[in-house]
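Residue 1 is where the sequence shown starts when you use my numbering, and the numbers rise one by one after that.
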Amino acid sequence: MIAFGHYHMPFVRTLDDYTLVNVSSVGMPRDGVPRAVYVTLTFDGHDWQIAHHRISFDVQAVVQEYHAVGYPGATQMVQRFVAMRY
């Protein structure tokens, strides 16, 4: 199994003999679902159980914070953040 992130799109795929797990993004998932994503990997002694979980978070608070701290390119980041898509 290979687990990785930063691609912002949660998925589990098989390639040859490997299971690929994209854990997605806690703060900026890009699949249109405005909830943070994380993964749990549980080994039951024989197989791995892979589960993506989603939790709500305050999107408006994040948007306000981008502007409050003077983040460079805040307007563009906020547009991407609110759309939750590339």
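The C-beta atom is built at its ideal place from N, Cα and C for all residues, glycine as well.
* Can the beta-carbon of Arg35 be found closer than 8 Å to that of Phe11? -> As a working note, residue 35 is residue 35 in the sequence shown. As a working note, residue 11 is residue 11 in the sequence shown. Their beta carbons are not under 8 Å apart, which means Arg35 does not touch Phe11 by this criterion.
* Distance, Cα to Cα, Leu41 vs Phe4? -> Residue mapping note: residue 41 aligns to position 41 of the sequence shown, counting from 1. Residue mapping note: residue 4 aligns to position 4 of the sequence shown, counting from 1. Distance between the alpha carbons of Leu41 and Phe4 is about 12 Å.
* Looking at the unbroken alpha helix (DSSP H) that takes in His67, where does it start and where does it end? -> Along the sequence shown, read from residue 1 onward, the residue named residue 67 stands at position 67. His67 -> alpha helix (DSSP H) spans 59 to 68.
* Compute the beta-carbon to beta-carbon distance between Val33 and Met77, rounded to the nearest angstrom, for a pair I have assumed lies under 8 Å. => One-based indexing of the sequence shown puts residue 33 at position 33. One-based indexing of the sequence shown puts residue 77 at position 77. Between Met77 and Val33 the Cβ distance is about 19 Å, and since that is not below 8 Å, they are no contact.
* Asked: Helix or strand or just coil, what does DSSP make of Val108?
  -> The structure shown has nothing for residue 108, since the chain only spans 1 to 86.
* Asked: Which residue comes first and which comes last in the alpha helix (DSSP H) that contains Val82?
  -> On the sequence shown, position 82 is the one that residue 82 refers to. Segment 74 to 83, the alpha helix (DSSP H) holding Val82.
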